[in-house]
Every structure is written in structure tokens, then in C-alpha cells.
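> FYI, the numbering for the sequence shown is 0 to 275, going by numbering that gives the first Met the number 0.
Yeah, the Cβ is synthetic: ideal placement off N, Cα and C, and Gly gets one too.
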Amino acid sequence: MTDRYAVIGNPILHSKSPLIHTQFAIQTGQDLSYEAVLAPMDGFRDTVQTLCDAGYRGLNVTVPFKFEAFQLATQLTKRAQSAQAVNTLKFDDGGIMGDNTDGVGLVTDIERNLGFILQGKRVLLMGAGGAAYGVVSPLLDAGSILIVANRTEDKAHQLAAAFNARGSIRGSSYEALAGLQFDCVINATSSSLAGSLPPLPQHENAGHTGIFASDALAYDMMYGQETPFLRFAREQGAARLADGIGMLVEQAAESFFLWRNVRPDTASVIARLRLT
């Protein structure tokens with residue numbers, strides 16, 4: 000019998016996860032189906048229960064339900080506990096296991112696919128929601144020196160405080176970034192979905208390079224187009240630009256491995272998505 004999986008979110012029609020996991024299944028010879036499921040904003044728990052009762056083996060969880068998935072899981076991996084958010088659910092006789100593969104997906108994309116080593120690098124992480132929480136521990140484990148900035152500054156400080164035992168991290172307002180430079184700037188906010196830009200300091204003349212250091216990487220977790228942030232980064236002199244396609248595929252591969260105990264090749268799937 001074909002095993003059933005899905006990605007659950009709201010909105011969800013834009014999701015490329017069904018294409019990714021279908022490619023993984025073909026590549027590895029796994030007998031499974033994968034679809035996108037729209038959950039009502041107030042109906043995440045009920046939707047998950049319906050899918051579980053219908054025999055689904057696992058789910059990916061996307062915006063805005065990662066914190067709810069964390070609360071729903073009856074078992075949590077260390078990654079999920081650290082992130083305080085869940086993007087992968089696995090159903091078995093023991094209950095619902097929750098994991099978070101976002102962080103390992105991001106770091107794998109940055110270091111392996113883009114060849115940008117994070118050890119000792121000054122990294123600015125924008126945002127303090129579920130996407131940001133999910134990637135902090137892996138960024139710190141990779142040796143980065145991390146500043147978290149958020150429009151609501153208190154939330155940035157709260158996030159930093161939750162991880163200050165793990166490595167070098169502090170919270171900040173956007174205004175306080177003026178005069179600082181970073182080797183890597185990561186957009187984990189929802190601004191790109193809204194077509195807007197976080198209020199980052201800009202350089203005022205050719206003699207000042209703004210927040211982007213020489214050879215800086217600008218990385219937006221949003222994918223599929225040049226976002227306002229990536230356009231800003233290019234105009235402000237960032238040396239390298241990357242969207243979140245690689246992260247999307249790498250976190251999916253980690254979920255696939257959790258469910259099937261088979262690790263798919265990601266390079267071919269990333270290349271295919273670049274063409275669609």
C-alpha cells in the first residue's frame with residue numbers, strides 16, 4: 000500500500016514540496032504519495048488529526064502552524080526542542096514525533112551548496128518568528144557570530160536570550176545596526192511575501208558599504224523571484240545573492256530521511272526547481 004504524506008499550511012497552493020518529495024520518491028524507489036493540504040487558520044489540530052486517522056504517515060508543516068505543531072507533538076527531537084517550533088511530523092504507534100529540519104537545511108545549503116563557511120562569520124538574522132527560531136541553533140553550531148534583528152526589538156532580545164547558552168548571539172533593533180557590517184545577512188521575516196523590505200540601514204555614499212561586508216552573502220528564505228531584500232542587497236553591494244530554493248530542498252531531504260531512512264540526492268532536484 001502506498002504511504003501517504005502531505006505538507007500543511009495556509010496559504011499552501013504555492014508550495015513546491017509535492018514536486019520535491021515526488022522527485023525524491025522516484026529517485027529512491029519509495030512507494031509514497033505527497034500532496035498539499037490547506038488547513039483553516041483555526042483548524043490546524045483538527046486537520047492533522049483527520050490526516051492521521053486517514054492513515055497518513057507524516058506531514059511537513061509550514062506557515063503559520065510551526066508553533067502549533069510544536070505544541071501538538073507528543074515526542075520532540077533535540078532539534079525541535081531547541082527551535083521551539085516544528086516543521087516535520089511523523090506518525091507512528093508511539094504518537095506524533097515532531098522535528099525541525101529548517102536549520103540543518105539552511106546551513107547545508109549555505110555551506111555545501113553555496114560554499115560559504117559560517118565559522119567565525121558575522122551573521123545578521125532578520126526576524127524573530129518560527130522561521131528564525133528554527134535556524135538559530137544550527138547557525139550557532141556552525142560557529143557563526145549572530146545578531147538577531149526584529150521590528151519589535153523585545154522579540155529579538157527574547158529569541159537571543161533563549162539561545163545565549165549555545166554561542167555568540169544577541170538581539171538588536173534595526174536602528175542599532177547602523178555602522179555594523181556582516182558577512183552574511185539572512186532574511187527570515189515574512190516581508191518578502193508582502194513585497195516589502197525590513198528597515199535596514201543603507202549606505203549614504205560610495206565610501207560607506209552599509210551592512211554588507213566585502214564578499215557578503217545575502218540570503219532570503221523566500222524563493223522563486225528576486226525579492227525586495229535581494230534587490231536591496233544587490234544595490235547595496237552584497238557580493239552574493241541566494242534565495243531559499245536550496246534550503247527548501249535540503250530541509251525536505253532531511254524530512255524524507257526521517258520518514259523513510261533513505262537520503263535522497265538534492266542537487267538534481269534543486270537544478271530542476273531552478274528551471275520551473
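1. In whole angstroms, give me the CA-to-CA distance for Pro-39 and Tyr-173.
2. Please classify Lys-77 as buried or exposed, where buried requires at least 16 neighbouring CB atoms within 10 angstroms.
3. If you draw a straight line from the alpha carbon of Ala-252 to that of Pro-263, how long is it in whole angstroms?
4. Should Ile-244 be labelled buried (16 or more other beta-carbon atoms within 10 Å of its own) or exposed?
5. Using DSSP bridges, identify the partner residues of Glu-276.
6. So Phe-90 packs on Gly-57, CB below 8 Å; how close in whole Å?
7. Pro-63 to Gly-8, Cα distance in whole Å?
8. Can you tell me the Cα-Cα spacing of Arg-259 and Pro-10, whole angstroms?
9. In angstroms, rounded to a whole number, what distance separates the CA positions of Phe-115 and Asp-219?
10. In three-state terms, what does DSSP make of Arg-273?
11. Report the rounded CA-to-CA distance for Gln-22 versus Thr-265, giving the unit in angstroms.
12. For Gln-157 and Pro-137, what's the separation of their Cα atoms in angstroms?
13. My output table needs one value for Arg-56: the three-state DSSP class, helix, strand or coil.
14. Going along the chain, which residues of its own chain have a beta-carbon closer than 7 Å to the beta-carbon of Leu-254, five neighbours each way excluded?
15. With Ala-287 and Gly-97 assumed to form a contact (beta carbons below 8 Å), what rounded beta-carbon distance in angstroms separates them?
16. Which residues in the same chain have their Cβ closer than 7 Å to the Cβ of Gln-201, if we skip the five residues on either side of it in sequence?
17. Which two residues bound the contiguous beta strand (DSSP E) that contains Tyr-132?
18. In the DSSP assignment, find the beta strand (DSSP E) that holds Ile-95 and state where it starts and stops.
19. With three or more C-beta pairs closer than 8 Å as the rule, is the segment 172-192 touching the segment 116-133?
20. Mind checking Ser-14: buried by the 16 CB within 10 Å criterion, or exposed?
The answer reads as follows:
1. Numbered from 1 along the sequence shown, position 40 holds the residue referred to as residue 39. Numbered from 1 along the sequence shown, position 174 holds the residue referred to as residue 173. Those two C-alpha atoms are separated by around 33 Å.
2. Residue 77 sits at position 78 when you count from the first residue of the sequence shown. Lys-77 is exposed by the Cβ-count criterion.
3. What you label residue 252 is simply residue 253 of the sequence shown in a count that begins at 1. What you label residue 263 is simply residue 264 of the sequence shown in a count that begins at 1. If I take the Cα positions, the gap works out to 6 Å.
4. If you number the sequence shown from 1, residue 244 lands on position 245. In the assembly as shown, Ile-244 is a buried residue. Its beta-carbon has 16 or more other beta-carbons within 10 Å.
5. In the structure as shown, the chain starts at 0 and stops at 275, and residue 276 therefore has no counterpart that could be examined.
6. What you label residue 90 is simply residue 91 of the sequence shown in a count that begins at 1. What you label residue 57 is simply residue 58 of the sequence shown in a count that begins at 1. Contact annotation, Phe-90 with Gly-57: C-beta distance approximately 6 Å; criterion of less than 8 Å satisfied.
7. In the sequence shown, counting from the first residue as 1, residue 63 sits at position 64. In the sequence shown, counting from the first residue as 1, residue 8 sits at position 9. Looking at the two C-alpha atoms, the distance is approximately 7 Å.
8. Here residue 259 corresponds to residue number 260 of the sequence shown, with the count starting at 1. Here residue 10 corresponds to residue number 11 of the sequence shown, with the count starting at 1. Going by the C-alpha atoms only, they are around 27 Å apart.
9. Within the sequence shown, the letter at position 116 stands for residue 115. Within the sequence shown, the letter at position 220 stands for residue 219. Between Phe-115 and Asp-219, the C-alpha separation is close to 15 Å.
10. Numbered from its first residue, the sequence shown carries residue 273 at position 274. If DSSP states are grouped into helix, strand and coil, Arg-273 belongs with the helices.
11. The residue given as residue 22 occupies position 23 in the sequence shown. The residue given as residue 265 occupies position 266 in the sequence shown. The alpha-carbon atoms of Gln-22 and Thr-265 are separated by roughly 10 Å.
12. Numbered from 1 along the sequence shown, position 158 holds the residue referred to as residue 157. Numbered from 1 along the sequence shown, position 138 holds the residue referred to as residue 137. One alpha carbon belongs to Gln-157, the other to Pro-137, and they sit about 18 Å apart.
13. Locating residue 56 in the sequence shown gives position 57, counting from the first residue. Three-state result, Arg-56: coil.
14. Within the sequence shown, residue 254 is the residue found at index 255, counting from 1. Correcting the residue type first, residue 254 is Ser in the shown sequence and not Leu. Exclusion of the five residues before and after Ser-254 leaves Asn-59, Thr-87 and Thr-100 as the residues of its chain whose Cβ lies within less than 7 Å of its Cβ.
15. Since the first residue shown for the chain is 0 and the last is 275, residue 287 is missing from the structure and cannot be characterised.
16. Here residue 201 corresponds to residue number 202 of the sequence shown, with the count starting at 1. For Gln-201, where only same-chain residues beyond five positions count, the Cβ hits under 7 Å are Gly-209 and Gln-235.
17. Locating residue 132 in the sequence shown gives position 133, where the first residue counts as 1. For Tyr-132, there is no enclosing beta strand (DSSP E); the enclosing alpha helix (DSSP H) has its first and last residue at 129-140.
18. Working through the sequence shown from its first residue, we reach residue 95 at position 96. 94-98 is the span of the beta strand (DSSP E), which, as asked, contains Ile-95.
19. In the pairwise beta carbon analysis, the segment 116-133 is classified as touching the segment 172-192: at least three pairs are separated by under 8 Å.
20. Here the question's residue 14 lines up with position 15 in the sequence shown. Around the C-beta of Ser-14, 16 or more other C-beta atoms lie within 10 Å, and the residue is accordingly described as buried.
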